[in-house]
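Visitor: Residue numbers (the numbering used here), protein chains in the order written: chain L, 14 to 319; chain W, 705 to 954. Pasting a structure here, questions to come.
Below, the structure is given as structure tokens:
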């Protein structure tokens, strides 16, 4: 196996998975560089889980290819040993207690950190003796988070890891992920629809809708591509004429509009016109791109970033 | 700290033996499931039988029961249950932990072969112990199903039987893991149709006598040796079915 060009963790080309007439993943082509945190974002049933299962060789592609660290993942022990994919609905053997998961997992992961795992168990207020079957939804999610973090697998995939987790536990997850990631860089894929909550973590966004990759861009680039302009209705209307407006909010005589494509010159022009230019939340942007458009004047992503 | 680049990531898999033992140890992580509980239940059944046989022996003033007790058959059936549960419950987890289906199947096959051998050795040894104490003088032939057999014959017979139950259990679980409930309907319906067809065929061709003769000629060990064919078919089926299975955690 030769090293992948540019140290790619993932490379998908025309990756497609059909279940009968439904294309759960439809012609997905993208790359993920190593040592980044990528958000796999999309609505329920958009194809997130199927895509992650394709990446880890758990699902067989109908057509197209996916390469993991330069090689096909299906039944490939050499690359799968570098992966950890805890499903959102991960089942554990009936008689497993937390300590059994912590005892069984390390043999699979070369970089497993037992102290880190023990620390996380404490922080999520769990005890090793608890039976997994008796845990709540959120506590079971916490087990997945603990295994995913402590595995330090070169490709760690979290499939909606926060399900049932309370706000404090979610914050612990985000904090620990970020801290541990900076100390032990690795490729992390996080599927979620709590976009704003994780947007600070994400370096790259991969948005999937109805099986198709609709956005594949660095989060910074996405954020800077659009902006909110607000001011008096008249001034805003004048500014947005002829521009792609993703969203508008009228409040009395004030109008706030989300403009899809805003480069530096546009921003300067808006300020000169006495308008306030603000950031757009990643969530808002993605909602607009995945079926939530409220105005007819929409734009395709390609146009927006062109 | 350690940065993973394509160059620094090991590009060869861990040795096969290591991968197989990892799968075996995952299923033994809680030793109660495959070793603790079955031994405790077997012990419980034994003690219960001991009490009942003592009672009968006392009541009948020393007249001993004759024939095999059959309680040891629990471990045969329980081996099937263990194989079903183990495959159903650990396959999705092992794949999430980055194991390949092939490694999982090899590891599980090795584990159940070892477990079968271990249980067979234990039962053959306990049968010898029963003989040594003359079935406690109350005719409790619990482990010693065939008093004519040597330790090795008892071990071999039990081992073959346990292999059969384990592989049939593994194949059944494989059908469930891959096709879920609909797979089970087809599987059981198919099995019933197959058995009826075989019965019909034997009756039609008036071959029942030949079948009886086959078992009589083959003897217990010979018949069990032939069961290896069924075990091999079931184990291969489990392998082929799971090679294409996509675990769904439901």
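Every residue gets a Cβ at the ideal spot worked out from N, C-alpha and C, and that includes glycine.
(1) Checking 8 Å against the spacing of the C-beta atoms, do residue 111/L and residue 141/L come in under that value?
(2) For residue 170/L, name the three-state secondary structure that DSSP assigns.
(3) Does residue 149/L have its Cβ less than 8 Å from a Cβ in chain W?
(4) Closer than 8 Å is the cut-off here; do at least three beta carbon pairs connect the segment 930-948 of chain W with the segment 868-877 of chain W?
(5) Excluding five sequence neighbours on each side, which residues of the same chain lie with their C-beta closer than 7 Å to the C-beta of residue 880/W?
(6) Going by C-alpha distance, which of 156/L, 243/L, 248/L is nearest residue 289/L?
(7) Could you pull out every residue in the same chain whose Cβ sits closer than 6 Å to the Cβ of residue 830/W, ignoring the five residues on either side in sequence?
(8) Go ahead and pull the three-state DSSP assignment for residue 43/L.
(9) Going along chain L, which residues have a C-beta under 7 Å from residue 799/W?
(10) If you draw a straight line from the alpha carbon of residue 210/L to that of residue 107/L, how long is it in whole angstroms?
(11) With which residues is residue 231/L paired in a DSSP beta bridge?
(12) Measure the Cβ-Cβ separation of residue 154/L and residue 178/L and say whether it is below 8 Å.
(13) Give me the residue from 875/W, 913/W, 877/W, 747/W with the minimum Cα distance to residue 779/W.
(14) Could you pull out every residue in the same chain whose Cβ sits closer than 8 Å to the Cβ of residue 724/W, ignoring the five residues on either side in sequence?
(15) Can you give me the C-alpha to C-alpha distance between residue 753/W and residue 844/W, rounded to a whole angstrom?
(16) Please state whether DSSP places residue 125/L in a helix, a strand or coil.
(17) Examine chain W for any beta-carbon lying closer than 8 Å to the beta-carbon of residue 95/L, and answer yes or no.
(18) Just verifying my parser: in three-state terms, what is the DSSP assignment at residue 135/L?
(19) Which residues, in order along the segment 714-728 of chain W, keep a beta-carbon less than 7 Å from a beta-carbon of chain L?
(20) Which residue's Cα is closest to the Cα of residue 147/L: 164/L, 104/L, 181/L, 180/L?
(21) Cβ of residue 705/W less than 8 Å from any chain L Cβ?
(22) Excluding the 5 residues preceding and the 5 following residue 928/W in the sequence, name in chain order all residues of the same chain whose CB lies nearer than 7 Å to its CB.
(23) Would a C-beta distance cut-off of 8 Å place residue 207/L and residue 175/L closer than the cut-off?
(24) Got a sec: which bits of the segment 31-49 of chain L sit with their beta carbon under 9 Å from any beta carbon on chain C, in order along the chain?
(25) Residue 103/L lies in the beta strand (DSSP E); which residues open and close that run?
(26) Quick one: list the residues of chain W neighbouring residue 89/L, beta-carbon separation under 9 Å, in chain order.
(27) Looking at the unbroken beta strand (DSSP E) that takes in residue 804/W, where does it start and where does it end?
(28) Using a C-beta cutoff of 8 Å, does residue 118/L count as contacting chain W?
(29) So residue 22/L is in the beta strand (DSSP E); what residue range does that whole segment cover?
(30) Using the DSSP secondary-structure output, state which residues sit across from residue 242/L in a beta bridge.
(31) Please determine, among 88/L, 134/L, 113/L, 161/L, the residue with the shortest C-alpha to C-alpha distance to residue 123/L.
(32) With a threshold of 8 Å between beta carbons, is residue 951/W in contact with chain L?
(33) Where does residue 786/W land, buried or exposed, given buried means 16+ other C-beta within 10 angstroms?
(34) Taking any Cβ of chain W, which residues in the segment 97-109 of chain L have a Cβ under 7 Å from it, in chain order?
Guide: Answer, in terms of the structure:
(1) Yes.
(2) In the structure shown, residue 170/L sits in a strand (DSSP, three-state: E or B).
(3) False, the Cβ-Cβ gap to chain W never drops below 8 Å.
(4) Enough Cβ pairs lie closer than 8 Å, so yes.
(5) By the criterion of a C-beta distance shorter than 7 Å, residue 880/W is surrounded in its chain by 792, 887, 888, once the five residues flanking it on both sides are discounted.
(6) The candidate whose alpha carbon is nearest that of residue 289/L is 243/L.
(7) Answer for residue 830/W: 847, listed in chain order.
(8) In the three-state scheme derived from DSSP, where H, G and I count as helix and E and B as strand, residue 43/L is classed as strand.
(9) Annotation: Cβ neighbours of residue 799/W in chain L (cutoff 7 Å, chain order): 71.
(10) Taking the straight line from one Cα to the other gives about 33 Å.
(11) Per DSSP, 217/L.
(12) Their beta carbons are under 8 Å apart, which means residue 154/L touches residue 178/L by this criterion.
(13) Put simply, of 875/W, 913/W, 877/W, 747/W the residue whose alpha carbon is nearest the alpha carbon of residue 779/W is 747/W.
(14) 807, 810, 811, 814.
(15) Residue 753/W and residue 844/W: Cα-Cα distance of roughly 8 Å.
(16) In the three-state reduction of the DSSP assignment, residue 125/L falls in the coil class.
(17) Cβ-Cβ to chain W under 8 Å: yes for residue 95/L.
(18) Residue state, collapsed to three classes: helix.
(19) Cβ contacts with chain L come from 715, 716, 717, 718, 723, 726.
(20) Minimum Cα distance to residue 147/L is reached at 104/L.
(21) With a pLDDT of 41 at residue 705/W, under the threshold of 50, the modelled position of this residue cannot be trusted, and the question is left open.
(22) For residue 928/W, the CB contacts under 7 Å within the same chain, skipping 5 residues up- and downstream, are 861, 864, 865 in chain order.
(23) Going by C-beta atoms, residue 207/L is nearer than 8 Å to residue 175/L.
(24) You won't find chain C in this structure, because its protein chains are L and W.
(25) Boundaries for residue 103/L: no beta strand (DSSP E) harbours it, and the DSSP string shows neither H nor E there.
(26) Near residue 89/L (Cβ distances below 9 Å), the residues of chain W are 717, 804.
(27) Run containing residue 804/W: none; DSSP gives neither H nor E here.
(28) Any Cβ of chain W closer than 8 Å to the Cβ of residue 118/L would place that residue at the interface, and such an atom is present.
(29) Annotation for residue 22/L: the continuous beta strand (DSSP E) segment containing it runs 21-32.
(30) Secondary-structure assignment with DSSP links residue 242/L through a beta bridge to 270/L, 290/L.
(31) Cα-wise, what sits closest to residue 123/L is 161/L.
(32) Among the CB atoms of chain L, one or more fall inside 8 Å of the CB of residue 951/W.
(33) Buried: at least 16 other Cβ atoms inside 10 Å.
(34) Listed in chain order, the positions of the segment 97-109 of chain L with a beta carbon within less than 7 Å of a beta carbon of chain W are 97, 98, 99, 100, 102, 103, 104, 105, 106, 107, 108, 109.
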